[in-house]
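Notes to accompany the following structure.
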Amino acid sequence: MSPPADLYLGVDGGGTGCRCRLETASGEVLGSGIAGPASLRLGLETSLAAVMQAARGAIAEAGLTEAGFARVRAGICLAGIGRKGMQEALAAWEAPFAETIFESDGLAACLGAHAGEDGGIVIIGTGSIGLARVNGEELRIGGYGFPIGDEGSGADLGLAAIRVSLRAHDGREPATRFTQDVLARFEADPFEVIAWMDKAHATDYATLAPLVLRHADLGDSHARMIMQNAAAMIDAMVRTLFERSVPRVALIGGLSSAMEAWLAPDVRRRLSHVKSDAIAGALSLVRPRV
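If you read the sequence shown in the working numbering, its first letter stands for residue 23, the second for the next number, and so on.
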């Protein structure tokens, strides 16, 4: 006779790392675990290996052996799950858990932000995206990837910084301390920028975002214009979610606090506070509502 499935595991597997918590039905934390990146963009085997490493850490911290996985209902939320064929591949995985539900890491963040209730989020980090869940239906805005999308993100700020700095170098825009500081990263040589561009990814562009924020706070006209344009893109995402009957919207992500100060007053007034994290969102997929 199999043991009862009375434990709940929430997994947040993203591109920078994998985190999980093992809890009881009442929310008592028994253990937690961490592992390396679990994005499915790295491959199914790599992603699931990170999930299991984190899960083993949590079960060990709870004082249980891996036989305890048979008692666990797992909500596993992974970046890149929307890639073609991934849902089918995950469904074929012989999971050690009593029950396994797979969803996206974005949905986990959304559910966590609103304690499992209907609502939406706008994530502002290296990239950007608007997500919501209302009456069991999911809604997505943006998030098409840099450079064709991810407006208002860290990568977008970095790209705008480089563009205006190159224009200033040519004399098409006034040069400022900000544009000089940007080009100083490339030895003040536009051809160094070109060589860097050929190999750069979104995360590389996003490293310039703090420079934009700092000079915007100091009053630089170029940096302020970049922030204003980025904020307008985030404003549009938030307003669109509300227009589509999303009851609550929250901002999350590494740039969310900095960006909020630049948003339109009507948007800031309507934002909700984040209630919990993405792991709590993953747990809400499998734990019974009380």
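Quick reminder that beta carbons are idealized off the backbone N, C-alpha and C, glycines included.
Please return the same chain residues whose Cβ sits closer than 7 Å to the Cβ of alanine 120, not counting the five positions on each side in sequence. Ala27, Ala92, Arg93, Val94 and Arg95
Using the C-alpha atoms, what's the distance from alanine 131 back to proline 310? 19 Å
Serine 267 by DSSP, collapsed to three states: which one? coil
If we call anything under 9 Å between Cβ atoms a contact, is serine 175 one with alanine 280? no
Within 10 angstroms of the Cβ of tryptophan 284, are there 16 or more other Cβ atoms? Answer buried if so, exposed if not. buried
What three-state label does DSSP hand serine 187 in the structure shown? helix
Taking the straight line between their C-alpha atoms, what separation do you get for histidine 295 and leucine 273? 8 Å
Under the DSSP definition of a beta bridge, which residues are partnered with valine 33? Cys42 and Ile98
Let me confirm a value: arginine 291 is counted as buried when at least 16 other C-beta atoms fall within 10 Å, else exposed. Which label applies? exposed
Do you know offhand how far glutamate 125's Cα is from proline 269's? 22 Å
What does DSSP give as the partner residues of leucine 179 in its beta bridges? Beta-bridge pairing links leucine 179 to no other residue.
Buried or exposed: histidine 237, going by 16 or more other Cβ atoms within 10 Å of its Cβ? buried
Can you name, in chain order, every residue of its own chain whose Cβ lies under 8 Å from the Cβ of alanine 182, other than the five neighbours on each side? Val234, Ile248, Asn251 and Ala252
Within 10 angstroms of the Cβ of methionine 259, are there 16 or more other Cβ atoms? Answer buried if so, exposed if not. buried
From the DSSP output, read off the bridge partner residues of valine 51. Glu45
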